[in-house]
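Mapping of the sequence shown onto my numbering: residues 405 to 906, in sequence order.
Glycine included, each C-beta is placed from N, C-alpha and C at the ideal position.
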Amino acid sequence: MRFDVTLQQRLEQRMILAPRMIQAMEILQLPLASLQERIDEEMVANPVIELRLNRPDEASESPAEAPADTAVPQGEGEQALVVQDEGGPEDFERLSQVVDRWETYFEDTASWRRRPVYDDIDPKTEATQNTPDDGQTLQEFLLDEWRLEDLDDRSRALGEVIIRNLDDNGYLRVVPEDLAGQVDPEATADEMEEALRRVQAVGPVGVAARDLTECLLLQLAADLVYGGGPGRLPPEAIEVRIIRDHLRDIEANRYPRVAAALGVTIDQVKQAIERIRRLNPKPGTAISPQRTPPILPDVRITWDEEVGEYVVSIEDGDTPELYISKAYRQMIKRRDLDEKTRTFVAKNIRSARWLMDAITQRRDTLRRVTESIVRFQRPFFDEGPEHIQPLKMQQVADDVRLHVGTISRAVADKYADTPWGIWPLRDFFMGGTETADGQEMSWDRVRVRLKAVVDAEDKKKPFSDEAIADHLRAEGIDVARRTVAKYREELGIPSSRRRREY
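And the structure:
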């Protein structure tokens with residue numbers, strides 16, 4: 405066997421994304437709420453980033469009167485979001501002027517805490533800490549209540565392990581006996597059942613139930629529906645029998661079957677169901693409600709009477725105006741600064757500039773893409789949602805001369821405040837079909853017409869999917885039954901059997 409050592413040269417081209425480009429793409433993809441969180445994180449992690457608080461009595465803080473070495477990128481009629489310094493990272497080593505006053509920005513060399521910008525308020529600290537509290541969780545509430553119970557240490561420990569294993573909706577999804585080993589392997593099933601019963605008594609009624617049936621029965625027994633005091637629940641009551649044996653039939657709208665099984669009329673079944681609907685299937689949310697994140701529109705589209713056009717403005721919300729700390733800009737100029745500190749400061753200044761550049765680029769790209777959408781979807785803005793047009797991202801990409809991937813990132817998870825309400829930007833892109841007269845119609849308009857047909861139907865004899873398709877074809881919209889079924893499910897419309905009213 406022979407081994408040879410050879411040397412070869414090869415020329416090739418590779419596309420490698422620089423960290424700055426990666427960060428720009430990440431910032432572009434963030435919706436407004438996530439952008440604000442990202443900025444908060446950067447302000448905590450990067451000490452050179454400062455907030456600029458504009459005050460009428462502080463001319464030096466106004467973007468219009470920024471220092472000569474500061475650029476203020478802004479759109480027409482908009483307040484600047486980012487204030488940048490001119491030059492690049494390569495300029496740091498060439499800066500030779502020594503300014504000794506930067507030390508006054510710190511209280512002492514140990515804490516490295518910046519002096520407040522004005523009065524006794526540190527705007528950076530205030531911005532990062534001025535966030536709403538998440539509130540008390542269900543487990544925290546129950547543990548507080550549990551500590552007030554008159555119990556021995558063993559019973560208290562068994563109850564605590566049950567409380568800590570409840571989910572956010574208040575259900576105990578594990579077998580109580582399986583939790584005993586976390587406290588005392590010798591704890592009996594009867595002890596765990598007694599602890600579970602006590603936990604169910606201290607929280608919102610229905611909490612610590614093991615399934616939906618038990619949860620609803622606990623609420624019935626607690627006199628949420630009946631009079632006469634807790635625990636006086638007639639076992640033969642229609643509500644009890646429905647919850648215990650016929651929940652699936654009710655879900656499937658099989659009222660006649662339930663009435664026949666219980667030996668009652670359909671009207672009695674409907675009355676019982678109305679009472680059951682007053683119960684809470686997720687009792688844990690009474691203490692720690694499931695918060696839906698608010699929708700913050702990233703862009704606002706309004707009609708300008710003076711120019712006779714729709715105007716796009718970028719919504720910055722509570723996003724702070726950023727700039728690089730003067731203290732650190734002066735620090736980097738010191739000739740006697742040690743290399744380790746210089747490297748640290750230069751790295752953070754470079755990172756801060758990249759972030760501010762990315763935010764500015766996000767604003768510009770989002771504005772261009774939205775203005776293009778307005779041009780293509782002019783019938784929507786003029787006449788309403790029923791007139792939305794088929795539109796592909798490639799059309800917008802060609803219009804603004806950007807890659808289609810950039811368009812996708814720009815509209816991802818972002819919303820526009822339009823004259824017709826708040827709309828996801830991505831919803832302006834959709835396919836379509838041709839009507840009988842050859843005109844293009846977007847799939848969204850098809851959904852609107854489908855919902856209108858269902859709303860107008862006789863609820864005692866609801867339309868099947870095929871009947872809905874026939875109605876749409878009569879309007880000149882050629883769709884298949886499977887397409888109707890798909891869009892009906894997307895709109896959250898039940899099947900004809902479940903829509904039927906008795």
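Query raised in the report: How long is the line joining the alpha carbons of I691 and L576, rounded to whole angstroms?
Result: 16 Å
Requested in this report: Measuring alpha carbon to alpha carbon, tell me which of P701, R779, Q543, G607 ends up nearest L795.
Outcome: R779
**Report entry** Where the alpha helix (DSSP H) containing V587 begins and where it ends
**Finding:** Neither: V587 is in no alpha helix (DSSP H) and is coded neither H nor E.
Query - A820 (DSSP reduced to helix, strand or coil) - result: strand
Query raised in the report: Considering E454, what are the terminal residues of the alpha helix (DSSP H) in which it resides?
Result: Careful: E454 lies outside any alpha helix (DSSP H), inside the beta strand (DSSP E) at 453-455.
**Report entry** Beta-carbon separation (whole angstroms), Y819 vs D702, contact threshold 8 Å
**Finding:** 6 Å
Requested in this report: Pull up the distance between the alpha-carbon of P660 and that of D869, whole angstroms please.
Outcome: 23 Å
Query raised in the report: From E725 to Y732, what distance separates their C-alpha atoms?
Result: 18 Å
Query raised in the report: Touch check for the segment 852-870 and the segment 804-823: three-plus C-beta pairs under 8 Å?
Result: no
Query raised in the report: Just how far apart, CA to CA, sit S464 and Q734?
Result: Any reading at S464 is ruled out, since the residue's pLDDT is 34, under 50, leaving its predicted position unreliable.
Report task. Alpha carbon to alpha carbon, how far is V850 from R877? Give it in angstroms, no decimals. Result -> 11 Å
**Report entry** Assigned secondary structure, L434 (DSSP; H/G/I helix, E/B strand, else coil)
**Finding:** coil
Query - Presumed contact (8 Å Cβ cut-off) between V773 and V815, rounded CB distance - result: 7 Å
Query - Beta-carbon proximity of N752 to P451, cut-off 8 Å - result: yes
Report task. Would you decide whether M447 is buried or exposed? Buried here means 16 or more other CB atoms lie within 10 Å of its CB. Result -> buried
Query raised in the report: Straight-line CA distance for I680 to A641?
Result: 12 Å
**Report entry** S729 versus D720, T669, S755, L434, residue with shortest Cα-Cα distance
**Finding:** S755
Query - Contact under 8 Å by Cβ, E719 with L436 - result: yes
Requested in this report: Alpha carbon to alpha carbon, how far is I872 from E790? Give it in angstroms, no decimals.
Outcome: 18 Å
Query raised in the report: Straight-line CA distance for E893 to Q765?
Result: 39 Å
Query raised in the report: Quick one, are the C-beta atoms of V606 and I566 less than 8 Å apart?
Result: no
Query raised in the report: Can the beta-carbon of I670 be found less than 8 Å from the beta-carbon of I654?
Result: no
Requested in this report: Report the rounded CA-to-CA distance for N684 versus L620, giving the unit in angstroms.
Outcome: 7 Å
Query - Start and end residues, alpha helix (DSSP H) containing T774 - result: 743-780
Query raised in the report: Where does G825 fall in DSSP's three states?
Result: strand
Query raised in the report: Distance, Cα to Cα, G880 vs P866?
Result: 22 Å
Query raised in the report: Quick one, are the C-beta atoms of T617 and L651 less than 8 Å apart?
Result: yes
Report task. Classify R704 as helix, strand or coil using the three-state DSSP reduction. Result -> strand
Query raised in the report: Do you know how far the Cα of M834 is from the Cα of M797?
Result: 9 Å
Query - Residue range of the alpha helix (DSSP H) that includes P677 - result: Sequence check: residue 677 is Ile here, not Pro. Per DSSP, I677 belongs to the alpha helix (DSSP H) from 670-680.
Report task. Specify, as a first and last residue, the run of the alpha helix (DSSP H) that S812 falls within. Result -> 808-815
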